[in-house]
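Undergrad:
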Amino acid sequence: WEETKPGGSSWRLLHVVATLLPSPTRAGRLELKNEISGVSGVRKSRLSVRCWSNENDLGWDVIKPMESRVWKFTTMNMWPFQKTEFRCQFRSGFGTTSQDVVTVFSVQSGFRRECGDGRDECIWVSKRDGFYQRRVVRDEGSRKEFVDVLKSKWVWKW
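Numbering (the working numbering), first residue to last: 1 to 158.
#1: How would you call Arg46, buried or exposed, if buried means at least 16 neighbouring beta carbons within 10 angstroms?
#2: Over the uninterrupted beta strand (DSSP E) stretch that includes Lys151, give me the two end residues.
#3: What does DSSP give as the partner residues of Thr103 in its beta bridges?
#4: When DSSP labels each residue in this structure, what does Ser45 get in the three-state scheme?
#5: When the Cα atoms are used, what is the spatial distance from Ser126 to Thr74?
#6: Ordered along the chain, which non-local residues of its own chain (more than five positions away) have a Cβ less than 6 Å from that of Glu31?
#7: May I ask you to report which of helix, strand or coil DSSP gives Arg29?
#8: To the nearest angstrom, how far is the alpha carbon of Leu20 from that of Val107?
#9: My assumption, with CB atoms under 8 Å, is that Val147 sits in contact with Val155. Please give the rounded CB distance.
#10: Is it the case that the Cβ atoms of Val102 and Ser152 are separated by a distance below 9 Å?
#11: Which residue from Tyr132, Arg113, Gly116 puts its Cα closest to that of Thr96?
#12: Going along the chain, which residues of its own chain have a beta-carbon closer than 6 Å to the beta-carbon of Val62, five neighbours each way excluded?
#13: How would you write the range of the beta strand (DSSP E) that Lys127 sits in, first residue to last?
#14: Is the beta carbon of Trp52 less than 9 Å from the beta carbon of Phe105?
If you want it as structure tokens, here you go:
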């Protein structure tokens, strides 16, 4: 690099490139909900989760029926840094997800589109018959609506 004064051609080029780069960080939100119902006994309807990101291990937690956990964080999506991803393991009285580890949040644009509305918000819901991704969609009046998409039936692996 050669040293240039502000106003020099190298300085202007660097400023233009920096302006055109995508924003490397945004606010992200991950929500896990337990909507298991119609079960006798609280133990069977609890959802045990262990989640972690590239930087943080959130540890194990138990989500009781009709409760949820929400994490808000800053996402990173800039080369050469790591991209923000959250992964979780799930256990319920009905088994576990078919995949041992489920990616529940990623800054990859295809993943965000699956969450719905192209935003950095992903909602996951456990129900009696399986584990769902709750997609955010907009109706004709731009009101938020939700569509639950089954991602995994509960399976027994033990």
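Don't be surprised by glycine CBs; every beta carbon is placed ideally from N, CA and C.
TA: Put simply:
#1: Arg46 counts as buried, since no fewer than 16 other beta carbons sit within 10 angstroms of its beta carbon.
#2: 144 to 153
#3: Bridge partners of Thr103: Arg87.
#4: helix
#5: Cα to Cα, Ser126 sits roughly 25 Å from Thr74.
#6: Ser68, Val70, Ile123
#7: strand
#8: For Leu20, the pLDDT reaches just 44, beneath the cut-off of 50, and the residue's location in the model is therefore unreliable, although a value from the coordinates is still provided. Going from the Cα of Leu20 to the Cα of Val107 covers about 19 Å.
#9: With 8 Å as the limit, Val147 and Val155 do not qualify as a contact, their Cβ atoms being about 23 Å apart.
#10: yes
#11: Tyr132
#12: Arg46, Ser48
#13: 121 to 127
#14: no
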